[in-house]
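Below is one structure; the comments refer to it alone.
Chains as they are written, first to last, in this note's numbering: chain A, 1 to 355; chain B, 1001 to 1355.
Encoded structure:
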């Protein structure tokens, strides 16, 4: 190898930023698009947490897309996010088509305040957009002692069981329980057996896929990844996953007064149109469920029992939900987050200046 | 065929009872075991609904088992079911080891009353036993305008993903949304791909099973139903279903102050021991989420969109969750419920007299 070849990769090496540096960059990039700084700080908190947890597809990587939609008026830089208390323990939030992580962060804050008062509170959110990963919200809530059930609807990618037309989104559902002595237990799952990206990867490699992953466009299970890309992702457990995706849409979409099923428009196909996505946040104040400090020892016992399960493969011990993500979180909080050079350059350009 | 052969089947023909007749028989059978009549009425309501919905494994069929456990002191005929309001929207219920459907019905009633006041309420229930099918509770709540999230833990049958020891129950989770103009949409699902009975059926027939159904006792997926019967049921979507079963146990078991994981004892292996199962009931008053009569037209639109999905097989149209069960419910409410003759005889004997 000559020197030029050695230097070429160095020129595109990822840029390592501390958590605070990444947050500052994200805030500047969002504020430069016209968002008030407090709003940019709220949204950036959710996105940077996504990067810390290793869910980088839902992190600051989204800011260029948000910026483009802000530019063409698909979402609003200055929404009037309205929180209405419709019953002692219920909030209805109208996001007014702002960016999703801002609306989500606002709804979460309002729900935390109300749940502190009533022990249990929920927010039904409409007029929103893609709000980032559920684990970011569950993490913030768990740190304050709240158990969570959080869900959102999404652009349609899944056909109903036995059907051959996409009617449902991958509608993520998350459940979280705080662990005062350690990391919370947080499940954040979408309803398809695998993400579309895994089907695409198989197609690129020319490999067959298991028949449980997807159907062709006629709704028949297929092992051909190319046929699958023209068809539909299959939900977990067949009609069970279909049922879960549908119930999430009823709770997060329909009951929130948001769009649902194929009334949801696609940000990819129609970036200029409001999506009117819906979310639901349900928060339980675990301090109201027992004597002080009751929860920690029980969650420790619970996770210890699971970790002690003899593994089928000794090299792969049993994990609990969120464990992989919290490993990334601790490592990246300590060592910083690596951004691809191209993304770092984009964000820096959006922020309007180099740091 | 001679006359004797014709008569033999007639002697064991099922007995058809109206809904009211079946309820009366169930109440008498339970009251004869020492339960106060109001308690017997509450428990019988849940069990008879199970039979109406076609979930007969969770219906009056259970009364002989309950009776045996009452007889040997495994459960109490005269429990002191205690409801404590631990926060404005939170209830903690101690079932005091009464029969499950009684405790569940009491917890549901208390949660409905509180949710009417606060818009959203939850009950965390401990000291309980198998409480019947979730659809019975979701149906009662939906008829009064409540959307529901209901779950329970259960005797362990599922190994954690990658593990080879049963640590989790099949932990059913149910979600329900009322439909003021028609049948509610109710999902009531356990976390395994299939019930154990389906594996047993394949073993009896000598047929292979799909590798997604179960593992052998070493935690490896198997197509041999006999090996599967010595192993573990697989949860839907692998680690996703494992995660859901685990989160249900955290919410319904651990957070309720009930037993969890392998702390739950088996009613089959140790019928004389209290199980200390836990349930959670979360109820939303849908009247507090919009203008009067807002919900019906939206749920009608929602189900109509799904029903209009082109089916992969024209003979099998797309359904929504609960549709099959409500078909049975309407048919049996009209035509009555057929009880196997042996079960009818047992219940009549338990009731202490023939009707």
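All residues carry an ideal CB built from backbone N, CA and C; glycine is no exception.
Since we're looking at a predicted model, the values are computed, not measured.
Counting the other CB atoms within 10 Å of its CB gives residue 1335 (chain B) a total below 16, which places it among the exposed residues.
Taking 8 Å as the threshold, the shortest C-beta distance from residue 1088 (chain B) to chain A falls below it. From the listed residues B:1183, B:1160, B:1083, the smallest Cα separation to residue 1140 (chain B) is found for B:1183.
Interface criterion met: the Cβ of residue 237 (chain A) is under 8 Å from a Cβ in chain B. Counting only Cβ-Cβ distances below 7 Å, residue 305 (chain A) has contacts in chain B at 1167, 1261, 1262, in chain order.
Counting along the chain, residue 1342 (chain B) sits inside the alpha helix (DSSP H) bounded by residues 1341-1351. Ranked by Cα distance from residue 1067 (chain B), the first of B:1077, B:1178, B:1221 is B:1077.
Inside the segment 181-230 of chain A, DSSP marks whole beta strand (DSSP E) runs of 3 or more residues at positions 185-189, from first to last along the chain. For a Cβ distance threshold of 7 Å, residue set 237 of chain A lies close to residue 1193 (chain B), ordered along the chain. Listed by position along chain B, the residues whose Cβ is nearer than 7 Å to that of residue 310 (chain A) are 1163, 1164, 1165. Unbroken alpha helix (DSSP H) stretches of 4 residues or longer found wholly inside the segment 1263-1310 of chain B: 1295-1307, given in chain order. Here the alpha carbon of residue 152 (chain A) sits roughly 7 Å from the alpha carbon of residue 277 (chain A). For residue 177 (chain A), the nearest CB of chain B lies under 8 Å from its own CB, placing it at the interface with that chain. Going by beta carbons, residue 1094 (chain B) and residue 1127 (chain B) fall inside the 8 Å limit. Here residue 1330 (chain B) is exposed. Its C-beta has fewer than 16 other C-beta atoms within 10 Å. Contact annotation: residue 1015 (chain B) and residue 1227 (chain B) have beta-carbon atoms that are not nearer than 8 Å. In this structure, residue 1285 (chain B) keeps its C-beta atom at 8 Å or more from the C-beta atom of residue 1104 (chain B). Per the C-alpha coordinates, the member of B:1048, B:1247, B:1042, B:1030 positioned closest to residue 1352 (chain B) is B:1030. In its chain, beyond the 5 residues on either side, 1272 have a beta carbon closer than 7 Å to the beta carbon of residue 1073 (chain B).
Going by C-alpha positions, residue 108 (chain A) is about 7 Å away from residue 281 (chain A). Taking C-beta atoms as the reference points, residue 289 (chain A) and residue 1092 (chain B) count as a pair closer than 8 Å.
Following the DSSP letters along the chain, one finds residue 1093 (chain B) in no alpha helix (DSSP H) but inside the beta strand (DSSP E) bounded by residues 1090-1094. Separation of the CB atoms of residue 322 (chain A) and residue 186 (chain A) is rounded to 4 Å, and the pair is thereby assigned contact status at 8 Å.
Contact of residue 1243 (chain B) with chain A is assigned, a C-beta pair being separated by under 8 Å. For the pair residue 1250 (chain B) and residue 177 (chain A), the CB atoms are nearer than the 8 Å cut-off.
Straight across, the Cα-Cα distance linking residue 1203 (chain B) with residue 1052 (chain B) is about 30 Å. Contacts with chain A at 8 Å (Cβ-Cβ) include residue 1255 (chain B).
Taking CB atoms only, residue 1108 (chain B) has no neighbour in chain A less than 8 Å away. The C-beta separation of residue 1154 (chain B) from residue 1169 (chain B) comes to about 3 Å, placing the pair in contact by the 8 Å criterion.
DSSP places residue 55 (chain A) in the coil class of the three-state scheme, outside both helix and strand. Residues of chain B with a Cβ closer than 7 Å to the Cβ of residue 212 (chain A) are, in chain order, 1212.
Residue 17 (chain A) sits in a strand when the DSSP states are folded into three classes.
Residue-level contact check: residue 1187 (chain B) touches chain A, since one or more beta carbons of chain A fall below 8 Å from its beta carbon.
Under the three-state reduction of DSSP output, residue 324 (chain A) falls in the helix class. Neighbourhood of residue 118 (chain A) in chain B, by CB distance below 7 Å: 1087, 1088, 1089, 1118, in chain order.
Straight-line measurement puts the Cα of residue 266 (chain A) at about 14 Å from the Cα of residue 97 (chain A).
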